[in-house]
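Colleague:
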Amino acid sequence: RTLGRINEYFYNPNLEEFVKNKVKTCKLCLMSKQTQRKYEGKLISIPIEQCMNTVFLDIYGPLPRTKSGHKFILILVDGFSRFTWLFPLKECTSKLIIQKMKTVFANFSIPKILVTDNASYLTSKIFKAYLFKNYIIQRAIPSYRANGNRCERFLRDLGALLRCYYHDKQDNWDSELDMVQISLNTAINSSTRTSAFKLMFSHEPNCGLSNLWDLQNLVSGHLTTDQRQENMKRAINNVRRSIQRNREREKYFYPRTRHPFKINSLVYIKTHYLSSKIKNFAKKLAPKYIGPYRILYFLTSVTVIVQNISEVTDVRKIHIVDLKLYKE
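Numbering of the sequence shown is given in this note's numbering, commencing with residue 563 and proceeding in unit increments.
1) Any chance the region 663–681 sits against the region 733–745, with 3 or more Cβ pairs inside 8 Å?
2) Taking the beta carbon of T587 as the centre, do at least 16 other beta carbons fall within 10 Å, making it buried, or is it exposed?
3) Rounded to whole angstroms, what is the Cα-Cα separation between A758 and T655?
4) Check whether the Cβ atoms of I880 and V868 lie closer than 7 Å to each other.
5) What are the start and end residues of each continuous beta strand (DSSP E) run of 3 or more residues lying completely inside the region 609–685, in chain order?
6) Whole angstroms are fine: how far does the CA of Y830 sit from the CA of L676?
7) Given that a residue counts as buried once 16 or more other Cβ atoms are within 10 Å of its Cβ, and exposed if not, what is K760?
8) Cutting at 6 Å between CB atoms, please list the residues of its own chain near N751, excluding the five before and the five after it.
9) Closest Cβ-Cβ distance between G641 and chain D: below 7 Å?
10) What are the residues that DSSP puts in a beta bridge with N870?
11) Quick one: grab the DSSP three-state call for K595.
12) Measure the alpha-carbon distance for L592 versus I798 and round it to whole angstroms.
13) By the three-class DSSP mapping on this structure, what secondary structure does R718 have?
14) Can you name the start and end residues of the beta strand (DSSP E) that R820 belongs to?
15) With D620 and C713 assumed to form a contact (beta carbons below 8 Å), what rounded beta-carbon distance in angstroms separates them?
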């Protein structure tokens, strides 16, 4: 379009190359236009060798307030077994979350690593003090990239279950949250090919039918303790092999994982503005990117630390999907 308008009045044999270079290096254009190609980077699978080594934490909600006053669901997921804990919350505060975490840790041991997002109640002084007291390493995922938290997969299943059973009685969703937790923990996981309950407790879960018919004795054939331990060792080894196979899948290495970003590269970072009627500000008219920033180093293959070249105190942790290469 630009070439067509210029050619109506002027002629230049090198016009096309000149216009392309001008548009590519236009700072205002780069900040205002949405990028046509996103670099997602390699999909990272955290190597976890045992239960309660790494725990993922997230909040689901807000939901309609129930008769008990609950509005949120706290979810914790064990990184190895995928065992899940669900707790209804009236408010999202550090004290309430710590209280529920203590309940889990008192019964299942204290993890080494806790993966969370960057919410204020998960970065407060009281929350960090509790983690420091118990020597728990907190790993915060990059902002606006919730899929880095393993809880997100279980939140989708949780949302589907709640919609199925409580779409017509939405103020009662916390009435059988314990049964929802059992459903998640006894389902066969596609990665581990076994249930989270069996990996956590080394035996099949009981249910109404097993209590009635005593299925375990019929299936196990009265296995000895040594035989049960040997079966559990094989199950854990199968889980590790299954996880390794998943890490070698195509989506970990497909072409969009390659990116041009390197240390000291200049980049723009994507904005996440919120519209405000009071300030007479609409995010649709705001720049899509700001910068330029300089990449200082890579925390992981997909997470970088960047610094504003104009304001050195402006340092951020960004996922590479929110970066656009700066062109001079």
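Ideal placement from N, C-alpha and C gives every residue a C-beta, glycine not left out. Please read these numbers as outputs of a predicted model, since none were measured by experiment.
Modeller: Checking against the coordinates, here is how it stands:
1) no
2) If you number the sequence shown from 1, residue 587 lands on position 25. Exposed, since its Cβ has fewer than 16 Cβ neighbours within 10 Å.
3) Here the question's residue 758 lines up with position 196 in the sequence shown. Here the question's residue 655 lines up with position 93 in the sequence shown. Distance between the alpha carbons of A758 and T655 is about 28 Å.
4) Counted from its first residue, the sequence shown places residue 880 at position 318. Counted from its first residue, the sequence shown places residue 868 at position 306. It is a contact, given that the beta carbons lie within the stated cut-off.
5) 616–622, 634–640, 646–651, 675–678
6) Position 114 of the sequence shown holds residue 676. Position 268 of the sequence shown holds residue 830. Answer to the nearest angstrom: the Cα atoms are 30 Å apart.
7) For the purposes of this step, residue 760 is taken as the residue at position 198 of the sequence shown. Burial call: buried.
8) Numbered from its first residue, the sequence shown carries residue 751 at position 189. These residues qualify, in order along the chain: R644.
9) In the structure shown, chain D cannot be found, because there is only a single protein chain.
10) Working through the sequence shown from its first residue, we reach residue 870 at position 308. Answer is Y855, bridged to N870.
11) What you label residue 595 is simply residue 33 of the sequence shown in a count that begins at 1. Correct three-state label for K595: coil.
12) Position 30 of the sequence shown, counted from the start, is the residue given in the question as residue 592. Position 236 of the sequence shown, counted from the start, is the residue given in the question as residue 798. Roughly 50 Å between the two C-alpha positions.
13) Position 156 of the sequence shown holds residue 718. In this structure, R718 counts as helix in the three-state DSSP scheme.
14) Position 258 of the sequence shown, counted from the first residue, corresponds to residue 820. Per DSSP, R820 belongs to no beta strand (DSSP E) and is neither H nor E.
15) Here residue 620 is taken as the residue at index 58 of the sequence shown, counted from 1. Here residue 713 is taken as the residue at index 151 of the sequence shown, counted from 1. D620 to C713, Cβ: 4 Å. Contact.
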